[in-house]
Amino acid sequence: MHFERSIITSKMMHMSQETKCNTILEGRESQKQRFSVAIIGDSGVGKTSLINRYIFHKFNTDYNSTIEDFYSIQIKLPKTKNDPEKTYVLDLIDTAGLEEFSQVREKSLRDQSAFLFVYKADSKESIDIIEDYLSKIIQLNSGSFNQQSNYQKKPVLIVQNQQDQANQSTSESLLNYRLSRQISSPDLKSLKAKFGNFFEFEQDTCSAKTGEGISRIFQTMTQMIVNIQNAEDLKNFKSNRKKRLIKQKNIDKYYPKNGDYRHCCSFSRYQNCGIF
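Heads up: the sequence shown is residues 916 to 1191, going by my numbering.
The structure is reproduced here in structure tokens:
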């Protein structure tokens, strides 16, 4: 499967003083469809490491708490039976994990196209907190979720990070890894049962340390957004088509092609209104 990535823009605010790239988006790139994705998870699960591995091809073992960082990347989806090859832009928001940055984080959870949750394979707490985040997202976006006529589920990709650490040979790491594997699937089923009316869920694994699965994650995230958008477009098309057919049927009923003017009631015949 062909896959292309490139950095478009970077705008970061970080507690560390490390200089980060800022590549200007060319005029022709601005025409590409853009989606905003909030990357969410407990503090220390590797959200920033995952992004750094994908964009900068590096893994840093030093931990610095992120306040809020912004990145933009290109994702090219390959040609399929129904869709041509197309490139999209993902605007990534690396959200704060620490509770003292909760107000900053809440701002990042509003009006996003999708959400990418990251948890550690050896941390049950980082999985349990996902439900709290989902409830918060619904609360912060209650207006859009309550507009049933324009209702559209939000894609949620839940990613298990740091496979390499979970697969260490120590008995403790193996025990934690097995525990995480046991709770991940039931946890996902529980999330679908509770939040399935609001979100579309998928799950994957990766390693920020080795880079395994990193590209696939952003590919999957983009495809989820496009699939839901296409489904919504098709739904709207069918709805509008049905309305047009009903309207045309009424027109044909009261305005026949032979010019014979019909009336829906005696009053309309008297008033010559032709209501339909």
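The beta carbon of each residue, even a glycine, is placed where N, CA and C say it ideally should be. Bear in mind the structure is a predicted one, so any value in this text is a computation, not a measurement.
Start-to-end residues for the beta strand (DSSP E) that takes in residue i
i           : result
residue 950 : 949-956
Range covered by the alpha helix (DSSP H) that runs through residue i
i            : result
residue 1076 : Element bounds for residue 1076: not the alpha helix (DSSP H) but the beta strand (DSSP E), 1069-1076.
residue 1125 : Premise fails: residue 1125 is in no alpha helix (DSSP H) and is neither H nor E.
residue 962  : 962-971
Secondary structure of residue i, DSSP reduced to three states
i            : result
residue 1117 : strand
residue 1130 : helix
residue 987  : strand
Top-ranked residue by Cα proximity to residue i, from the options
i            : options                : result
residue 1003 : 1143, 1074, 989, 993   : 989
residue 947  : 961, 994, 969, 1001    : 1001
residue 1031 : 1106, 1021, 962        : 962
residue 1128 : 1073, 1007, 1153       : 1073
residue 1115 : 1069, 1026, 1035       : 1069
residue 1136 : 1029, 949, 1021, 998   : 1029
residue 1026 : 1155, 1118, 987, 1055  : 1055
residue 1106 : 1130, 1155, 1071       : 1071
residue 986  : 959, 996, 950, 994     : 950
residue 1118 : 999, 1034, 1048, 1157  : 1034
residue 879  : 1057, 1049, 1075       : The chain is shown from 916 up to 1191; residue 879 falls before or after that span and cannot be answered.
residue 959  : 1010, 1159, 1131, 1158 : 1010
residue 997  : 1156, 1160, 1155, 1146 : 1146
Cβ-heavy atom distance, residue i to the ligand SAH, below 7 Å
i            : result
residue 1118 : Although the ligand SAH was asked about, the structure shown includes no ligands whatsoever.
Residue-chain proximity (residue i, chain D), Cβ-Cβ < 8 Å
i            : result
residue 1008 : As a matter of chain content, chain D is missing from the structure shown, which is built from one protein chain.
Note down, one range per segment and in chain order, each alpha helix (DSSP H) of at least 4 residues found wholly within the stretch 994-1052. 1017-1023
For the stretch 1121-1132 and the stretch 1042-1052, state whether three or more C-beta atom pairs, one from each stretch, are separated by less than 8 Å. no
The stretch 1104-1111 / the stretch 967-974 touching (three or more Cβ pairs under 8 Å): no
Would you call the stretch 1122-1142 and the stretch 959-970 in contact, with 3 or more CB pairs under 8 Å? yes
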